[in-house]
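Under the numbering used here, read the sequence shown as residues 16 to 191, first letter to last. Just so you know, even glycine gets a beta-carbon here, dropped at the ideal spot from N, CA and C. Quick caveat: nothing in here was measured; it's all calculated off a predicted structure. Below is one structure, written out as C-alpha cells; comments come after it.
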Amino acid sequence: MQQIGPRVGMRLIHMTHTEHRGSDTYHYYRVQTAWVDRPPVGARTGSLRCATCGDMVGFRVRSRARAKARRRLWLALGLIATAALAVTVMITARMISSGSGGEARTLVPAALAVVALIPSVILLPGEDGVSLIRLRGSGPHAFKPMKTRVAWSKPPATDRPVRAEIVFDDPDPPAP
C-alpha cells in the first residue's frame, strides 16, 4: 500500500489492446502519471487528457482525510468479513461434529462473508483517493488496473514522459 500524502500521482492506464495466445491473455497498455495536490477537505473533480488517445478522462481526487477514511473502510470490511467467515466455519464444523442437520443455515452467512471479503482484498491495496467519475463509458481508461492480472501484463507498464493537461471543474481551493 502506498502512503497517502498531500500530493497524489494519478496513474492513468490506457489499455491499447489484448492478445490471446493459447490459454494465455496478454493486456497491452500505456501508463501516464500526473501529479495533483489534494484538496484540503472534501473531494475535487476534474479531467485529465490521455496522452495516448487525447480523450479527457474524468476523475475525482479526495482529501487526505477522505482517502484515509476510505482505506480504513475497506480494511474494516475485510476484517469483519474474515471474522464472519471464520465464525461461520467454526459453527458449521461444530454442527457437523454434533450431528445436527443445520449446515445449510450457515451457507448464506459464509457466502455473504466471501462476497464482502473479495472486494476489500482487491480494493484495499490500491485505494489512494483517486477514482474515475464514470465507471462505465470511460472506454479503455482506468486509474487502477482494470483487471488484477493487468498489473503483471507484458510488456511492463512504463510511464509516458508527457506534460499532463488537467482541468478542474471547480476553482482552486483557498490555501490553508
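Report the residue from Arg26, Gln18, Tyr43 whose alpha carbon sits nearest the alpha carbon of Thr33. Tyr43
Would Thr60 be called buried (16 or more neighbouring beta carbons within 10 Å of its own) or exposed? exposed
Run through the DSSP bridge pairs and tell me what Arg45 is partnered with. His29
Between the Cα of Arg149 and the Cα atoms of Phe183, Arg75, Ile28, which residue gives the shortest distance? Arg75
Report the residue ranges of all beta strand (DSSP E) runs contained in full by the region 42–83; include only those spanning at least 3 residues, in chain order. List check, beta strand (DSSP E) in window: 58–64, 71–77.
Using 10 angstroms around the beta-carbon of Gly37, count the other beta-carbons present and answer buried if the total reaches 16, otherwise exposed. exposed
For Ser146, which three-state DSSP category applies? strand
Check for me: the beta strand (DSSP E) holding Ile181 runs from which residue to which? 181–183
Look at the alpha carbon of Asp187 and the alpha carbon of His35, and state the distance between them as a whole number of angstroms. 45 Å
Helix, strand or coil for Gly154 per DSSP? coil
With burial defined as no fewer than 16 other Cβ atoms inside 10 Å of the residue's Cβ, what is the status of Gln18: buried or exposed? Exposed, because fewer than 16 other Cβ atoms sit within 10 Å of the Cβ of Gln18.
Report the residue from Leu147, Arg109, Arg53 whose alpha carbon sits nearest the alpha carbon of Gly20. Arg53
If we count the other Cβ atoms within 10 Å of its Cβ and call it buried at 16 or more, is Gly24 buried or exposed? exposed
Can you tell me the Cα-Cα spacing of Ser62 and Ile106, whole angstroms? For Ser62 and Ile106, the distance between alpha carbons rounds to 50 Å.
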